[in-house]
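Colleague: My structure is below; once you've seen it, I'll send some questions.
Residue numbers (this note's numbering): 1420 to 1857.
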């Protein structure tokens, strides 16, 4: 039974790594493959895992599972033609199937990630996926290819990796950068050393450990994030990094020199030195040239808010912005928009205030649990995991205000994983500490 459990867990990690590869899983054929794969994983869990493990997993992740289940149920209700809640039942049905798929993934994750070691393996797999995406995106951009090697998509001067949309890659990298920073904090040696020999030994130990891999990966992901030229993607990461660094300085009782070196290196070496080599000035130029007169996204949001006033509680149907917005376009938006470029507005327009509020409460509660884990847990791995997930939530909440990162399955699922990680950072027991909430 133990070997079957390991097989299921590594099959789940393979799925996590795979998610961004097929165009961010943002094509029908890609999410169909994912849905079949996850259905088999869930069946495996159903037949191989005991009922006691199911109950314990659901208890530990109920703050995510219950809201996602309610949102899924609401999506299915919206798809019923007899209720008249949406004029496009086909799109709502597709979104309902996606929501069910997301619920299944959360349930599989809750069943298989049941120890701090597995939690760390999940975070490491996500970071490894981010590093691979960053390396691939940077290489094909610097080679100045006209089309992508695998899917023959047209390329421009902004890194997109295997994603179709460069801002989705930026969001994906932001989430993984936050996770990587938290894992590095967790791996730091909090014992002070004296003498140059001990310092040299520590340096060599770091170079031969997994910390060097994570640190190098952070540099690669920062480079790729800059190459996306994403304004809010870069801002969201550095705001999250600043808040995370401030929390460390406020709540860490013993602060080794390596902690200060890590924070300074992230801000100075990555942001000012490495990033300048790869075009940070172009990101600054895009920020300076940003003008409401040249942007039509604010008009999209304004017209969408007018539509929300017509159905504030129930919405027009999950996934129907594409077909709903043209009817409320006041004529000031000449371009075609299939998304609102503001996930708060799009979720409210499609699903209504009630469903959106349930999701919002879930996210805020997970952020609180992550902060509580960072402040109160004694296990350094769980503290670092809590900090990293909190930073990821902060970055996502910022990015959602100006774009649609949750509309791509890969970024949406990675954010759900971050919420699960935030919850587990407080609820998963360790040998030295057992939370009273478990």
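Beta carbons: idealized from backbone N, C-alpha and C, even for Gly.
What does residue 1573 pair with, by DSSP beta-bridge criteria?
Modeller: What you label residue 1573 is simply residue 154 of the chain shown in a count that begins at 1. According to DSSP, residue 1573 bridges with 1566.
Colleague: Which word fits residue 1433, buried or exposed, when buried means at least 16 other C-beta atoms lie within 10 angstroms of its C-beta?
Modeller: Here residue 1433 refers to the residue found at position 14 of the chain shown. Label assigned to residue 1433: exposed.
Colleague: Sorted by chain position, which residues of the same chain lie with C-beta nearer than 6 Å to residue 1514's C-beta, five sequence neighbours on each side aside?
Modeller: Residue mapping note: residue 1514 aligns to position 95 of the chain shown, counting from 1. The residues are 1494, 1737 and 1738.
Colleague: When we look at the beta-carbon of residue 1673 and count the other beta-carbons within 10 Å, is it buried (16 or more) or exposed?
Modeller: Start at 1 with the first residue of the chain shown, and residue 1673 comes out as number 254. Flag for residue 1673 reads exposed.
Colleague: Suppose the cutoff is 7 Å on Cβ atoms and the five residues either side in sequence are ignored; what does the same chain contact list for residue 1532 look like?
Modeller: Counting from one through the chain shown, the residue named residue 1532 turns up at place 113. Contacts found: 1538, 1541 and 1843.
Colleague: Could you pull out every residue in the same chain whose Cβ sits closer than 7 Å to the Cβ of residue 1436, ignoring the five residues on either side in sequence?
Modeller: For the purposes of this step, residue 1436 is identified with residue 17 of the chain shown, where counting begins at 1. Take residue 1436, set aside five residues on each side of it, and the residues of its chain with a beta-carbon closer than 7 Å to its own are 1544, 1547 and 1548, in chain order.
Colleague: Pick helix, strand or coil for residue 1743, following the three-state DSSP scheme.
Modeller: Translated into positions along the chain shown, residue 1743 becomes position 324. Note: residue 1743 maps to helix in three-state DSSP.
Colleague: Mapping the DSSP letters down to three states, classify residue 1733 as helix, strand or coil.
Modeller: Along the chain shown, one-based indexing puts residue 1733 at 314. Residue state, collapsed to three classes: coil.
Colleague: Using 10 angstroms around the beta-carbon of residue 1375, count the other beta-carbons present and answer buried if the total reaches 16, otherwise exposed.
Modeller: The chain is shown only over 1420 to 1857; residue 1375 falls outside these bounds and no answer can be derived.
Colleague: Specify whether the stretch 1504–1511 and the stretch 1473–1482 touch according to this definition: at least 3 beta carbon pairs, one from each stretch, less than 8 Å apart.
Modeller: no
Colleague: Identify every residue that forms a DSSP beta bridge with residue 1534.
Modeller: Along the chain shown, read from residue 1 onward, the residue named residue 1534 stands at position 115. Paired residue(s): none; residue 1534 is not in a bridge.
Colleague: Taking the CB atoms as reference points, tell me whether residue 1816 and residue 1772 lie closer together than 7 Å.
Modeller: The count along the chain shown starts at 1 and reaches residue 1816 at position 397. The count along the chain shown starts at 1 and reaches residue 1772 at position 353. Going by C-beta atoms, residue 1816 is not nearer than 7 Å to residue 1772.
Colleague: Closest by CA to residue 1841, which one among 1792, 1449 and 1743?
Modeller: On the chain shown, position 422 is the one that residue 1841 refers to. Closest option to residue 1841, Cα to Cα, is 1792.
Colleague: Taking the alpha helix (DSSP H) that residue 1589 falls in, what are its first and last residues?
Modeller: Mapped onto the chain shown, residue 1589 falls at position 170. 1585–1606 is the span of the alpha helix (DSSP H), which, as asked, contains residue 1589.
Colleague: How about residue 1774 and residue 1429: are their beta carbons less than 7 Å apart?
Modeller: The residue labelled residue 1774 in the question sits at position 355 within the chain shown. The residue labelled residue 1429 in the question sits at position 10 within the chain shown. Going by C-beta atoms, residue 1774 is not nearer than 7 Å to residue 1429.
Colleague: Any beta carbon of chain C sitting closer than 7 Å to that of residue 1646?
Modeller: In the structure shown, chain C cannot be found, because there is only a single protein chain.
Colleague: Could you name the residues of the same chain whose beta carbon sits closer than 6 Å to that of residue 1424, not counting the 5 residues immediately before and after it, in chain order?
Modeller: As a working mapping, residue 1424 is identified with position 5 in the chain shown. Cβ within range, chain order: n/a, list empty.
Colleague: Whole angstroms are fine: how far does the CA of residue 1454 sit from the CA of residue 1520?
Modeller: Indexing the chain shown from 1 puts residue 1520 at position 101. Indexing the chain shown from 1 puts residue 1454 at position 35. One C-alpha to the other measures close to 6 Å.
Colleague: List in chain order: all unbroken alpha helix (DSSP H) runs of 4+ residues lying wholly within the stretch 1624–1667.
Modeller: 1629–1646
Colleague: On a CA-only basis, which of 1823, 1605 and 1687 is nearest residue 1796? Give me that one, please.
Modeller: Your numbering for residue 1796 matches position 377 in the chain shown. Taking only the C-alpha atoms, the option nearest residue 1796 is 1605.
Colleague: Within 8 Å, do at least three Cβ pairs link the stretch 1587–1597 to the stretch 1566–1574?
Modeller: no
Colleague: Tell me the rounded alpha-carbon separation between residue 1528 and residue 1653.
Modeller: Walking along the chain shown from the start, residue 1528 turns up at place 109. Walking along the chain shown from the start, residue 1653 turns up at place 234. Cα to Cα, the separation comes out at about 29 Å.
Colleague: State the Cα-Cα distance for the pair residue 1712 and residue 1457, rounded to the nearest angstrom.
Modeller: The residue labelled residue 1712 in the question sits at position 293 within the chain shown. The residue labelled residue 1457 in the question sits at position 38 within the chain shown. Annotation note: pLDDT 48 at residue 1712 (below 50); position unreliable, no value reported.
Colleague: Taking the alpha helix (DSSP H) that residue 1793 falls in, what are its first and last residues?
Modeller: For the purposes of this step, residue 1793 is taken as residue 374 along the chain shown, with counting starting at 1. Segment 1762–1795, the alpha helix (DSSP H) holding residue 1793.
Colleague: Are there three or more Cβ pairs, one per stretch, closer than 8 Å when the stretch 1777–1786 is compared with the stretch 1811–1831?
Modeller: yes
Colleague: Look at the Cβ atom of residue 1550, then the Cβ atom of residue 1663, and state whether they are nearer than 7 Å.
Modeller: Walking along the chain shown from the start, residue 1550 turns up at place 131. Walking along the chain shown from the start, residue 1663 turns up at place 244. No, they are not a contact pair.
Colleague: Should residue 1821 and residue 1651 be called a contact, given that it needs their Cβ atoms to be closer than 7 Å?
Modeller: Residue numbering aside, residue 1821 sits at position 402 when the chain shown is read from its first letter. Residue numbering aside, residue 1651 sits at position 232 when the chain shown is read from its first letter. It is a contact, given that the beta carbons lie within the stated cut-off.
Colleague: How should residue 1757 be labelled, buried or exposed, when 16 other C-beta atoms within 10 angstroms of its C-beta is the threshold for buried?
Modeller: Sequence index remark: in the chain shown, residue 1757 carries index 338 (1-based). Counting Cβ neighbours within 10 Å, residue 1757 comes out exposed, since fewer than 16 surround it.
Colleague: Quick one: using the 10 Å Cβ neighbour count with 16 as the cut-off for buried, is residue 1761 buried or exposed?
Modeller: Taking the first residue of the chain shown as position 1, residue 1761 is located at position 342. Under this definition residue 1761 is a buried residue.
Colleague: If you count every other CB in all the chains shown that lies within 10 Å of the CB of residue 1837, and 16 or more means buried, which is it?
Modeller: Here residue 1837 refers to the residue found at position 418 when the chain shown is read from its first residue. By the neighbour-count rule (16 or more Cβ atoms within 10 Å), residue 1837 is buried.
Colleague: Could you check which residue in 1743, 1826 and 1794 has the C-alpha nearest to that of residue 1671?
Modeller: For this step, residue 1671 is matched to residue 252 along the chain shown. Measuring from the Cα of residue 1671, the nearest candidate turns out to be 1794.
Colleague: Rounding to the nearest angstrom, what Cα-Cα distance links residue 1830 and residue 1602 in this structure?
Modeller: The residue given as residue 1830 occupies position 411 in the chain shown. The residue given as residue 1602 occupies position 183 in the chain shown. If I take the Cα positions, the gap works out to 20 Å.
Colleague: For residue 1466, count the other beta carbons within 10 Å of its own beta carbon; 16 or more makes it buried, fewer makes it exposed. Which is it?
Modeller: Against the chain shown, residue 1466 aligns to sequence position 47. The residue is exposed, with fewer than 16 neighbouring Cβ atoms inside 10 Å.
Colleague: Alpha helix (DSSP H) containing residue 1830: first to last residue?
Modeller: In the chain shown, the residue the question calls residue 1830 occupies position 411. Note, residue 1830: alpha helix (DSSP H), 1828–1846.
Colleague: Once you ignore the five residues that flank residue 1710 on each side, which residues in its own chain have a CB closer than 6 Å to its CB?
Modeller: In the chain shown, residue 1710 corresponds to position 291, counting from 1. Only weak support is given to the placement of residue 1710: the predicted model assigns it a pLDDT of 48, under 50, and the value that follows is read from those uncertain coordinates. Around residue 1710: no qualifying Cβ.
Colleague: To the nearest angstrom, report how far apart residue 1853 and residue 1804 are at their CA atoms.
Modeller: Position 434 of the chain shown, counted from the first residue, corresponds to residue 1853. Position 385 of the chain shown, counted from the first residue, corresponds to residue 1804. Interpretation of residue 1853 is limited by its pLDDT of 46, a score under 50 that renders its predicted location unreliable; the figure taken from the coordinates is listed afterwards. Going from the Cα of residue 1853 to the Cα of residue 1804 covers about 16 Å.
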